[in-house]
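Novice: Note that the numbering used here has the sequence shown beginning at 799, numbered continuously upward.
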Amino acid sequence: MDPEEVDNGSVQEDEGLGWGKSLPVPSVQEMVRKDSQSVPERYIQEHNNRPLDSEFSPDLFEIPIINFSLLANGDEEEQRKLDISCKEWGFFQITDHGVTEKVLHDMKAAEAAFFELPLEEKKKYAMGENDLQGYGQGYVVSEQQKLEWCDLIFLMTLPPKIRKFKHWPVSIPGFKEAVETYSTEMQKVADELLANISLLMGMEREDLKSLHGEMKQAMRMNYYPLCSRPELVLGISPHSDASTITLLLQDDELTGLQIRHKQKWVPVKPIPNAIVVNIGDTLEVWSNGVYKSIEHRAVTNEKRSRMSIATFFIPGDEVDIGPLESMVDDKHHPRMYKKIKYLDFLRHSLGGKLDGKAHTEFLKLHAE
799 MDPEEVDNGS VQEDEGLGWG KSLPVPSVQE MVRKDSQSVP ERYIQEHNNR PLDSEFSPDL
859 FEIPIINFSL LANGDEEEQR KLDISCKEWG FFQITDHGVT EKVLHDMKAA EAAFFELPLE
919 EKKKYAMGEN DLQGYGQGYV VSEQQKLEWC DLIFLMTLPP KIRKFKHWPV SIPGFKEAVE
979 TYSTEMQKVA DELLANISLL MGMEREDLKS LHGEMKQAMR MNYYPLCSRP ELVLGISPHS
1039 DASTITLLLQ DDELTGLQIR HKQKWVPVKP IPNAIVVNIG DTLEVWSNGV YKSIEHRAVT
1099 NEKRSRMSIA TFFIPGDEVD IGPLESMVDD KHHPRMYKKI KYLDFLRHSL GGKLDGKAHT
1159 EFLKLHAE
């Protein structure tokens, strides 16, 4: 399929976010719809990147589960669990988070309705020239790199003034309302998590949120088509997130997310209606490496397509990120990261393909 078939070819009337861009490439969903048996060479990962069974951890590893309601009510055991999760795992699932099943269901239905649209209709919401918002693929920076088995739509969701509705498929009944409601609920959950992490870092409840300046929220809706040779491809390559924290709504039945733990890949088994939380690079830097942003990836399967929704919480563009004084001890825990404007870090991370922890390594002082 020619890449131009999914390039909307339109010239945007503005410059977009200025964070970077991703090259237009064919829709994987459309490619599979036309031929479900072929795996084009450009999607076949190098051997050392393929999801090999030998890399999986034994089943004795499962990411921690935290009762969000207890945490929000100051339960010391859940706070201790949160601290260990952030230090040793970088990932955990939260249950009893107060977001209703209807809100979660409506959000999943809105995403599904978008990906059910004909290609020509989806192309109306394609990413612009210098904008990552919209429909397409992420982190495609060269014509030579291996591609991921995933289509996505990326939207800036908060604050409301940065939304670009030309990229929102508002023609889908209920789409806008579902995203707005879900976005508001995710913000409440993130605020409570950040407040608890702030206390663990020796600060006041509101300090971590305040550090963001005008906090931004972005949403990435992922569509992973089924694949006849899932052992050859990746839905998303190994990477850590450039966010402070990320909240992920998974498929309730299919396991696709895997995280790197003790040099093995641990599948994150879905818990119906739970939300997966992970630490991002920004929090790793602010915590001076005490809390870890962990590599994760998504794999595909032969049986059916899978969808997920990642919501990212990030600082304002001009905010400086660097180790907080409360997390630095010259004798026992010296400063490990340089100070950098968040926008500069974001442009660096979006300027290359997904490559493990390379972007966090760039922030370390020894990288100078």
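Cβ atoms here follow ideal geometry from the backbone N, Cα and C, with glycine treated the same way.
Applying the 10 Å Cβ sphere with the 16-neighbour rule, what's the burial state of S940?
Specialist: Exposed.
Novice: What alpha helix (DSSP H) runs, 4 residues minimum, are completely inside the segment 908-954?
Specialist: You should have 917-920.
Novice: N1071 and L880 - do their beta-carbons sit closer together than 8 Å?
Specialist: No. Outside cutoff.
Novice: Buried or exposed for E876, going by 16 or more other Cβ atoms inside 10 Å?
Specialist: Looking at its Cβ environment, which holds 16 or more other Cβ atoms inside 10 Å, E876 is buried.
Novice: List the whole-angstrom C-beta distance separating T1042 from H1010, where the pair is believed to meet the contact cut-off of C-beta under 8 Å.
Specialist: Yes, T1042 and H1010 are in contact; Cβ-Cβ is about 7 Å, under 8 Å.
Novice: K944 and Y841: beta carbons closer than 8 Å?
Specialist: Against a cut-off of 8 Å, the Cβ pair of Y841 and K944 comes out as a contact.
Novice: Under the rule that 16 or more other beta-carbon atoms within 10 Å means buried, what is T1080, buried or exposed?
Specialist: Label assigned to T1080: buried.
Novice: Counting C-beta neighbours from all protein chains within 10 Å, is the total for D1050 16 or more, i.e. buried, or is it exposed?
Specialist: Its Cβ having fewer than 16 others within 10 Å, D1050 is exposed.
Novice: Report the three-state DSSP secondary structure of H895 (helix, strand or coil).
Specialist: Of the three classes helix, strand and coil, the one that applies to H895 here is coil, per DSSP.
Novice: When the distance is taken between beta carbons, is R1133 closer than 8 Å to W817?
Specialist: No. Outside cutoff.
Novice: For the beta strand (DSSP E) that contains K819, what are its first and last residues?
Specialist: That residue, K819, is in no beta strand (DSSP E); it is neither H nor E in DSSP.
Novice: Beta-carbon within less than 8 Å of V804's beta-carbon, same chain only, minus the 5 sequence neighbours each way: which residues are those?
Specialist: Its pLDDT being 35, under 50, V804 is placed unreliably by the model, and the measurement read from it follows with that caveat. Correct list, in chain order: P822, V823, P824, S825, E828, L917, K921, A924, G934.
Novice: Among residues of its own chain, excluding the 5 on either side of I960, which ones have a beta-carbon nearer than 8 Å to its beta-carbon?
Specialist: Answer for I960: M954, K1014, listed in chain order.
Novice: On the CB-based measure, 16 or more other CB atoms within 10 Å of its CB, does R1018 come out buried or exposed?
Specialist: Result: buried.
Novice: Using the C-alpha atoms, what's the distance from T1044 back to F1110?
Specialist: Computed Cα separation, rounded: 5 Å.
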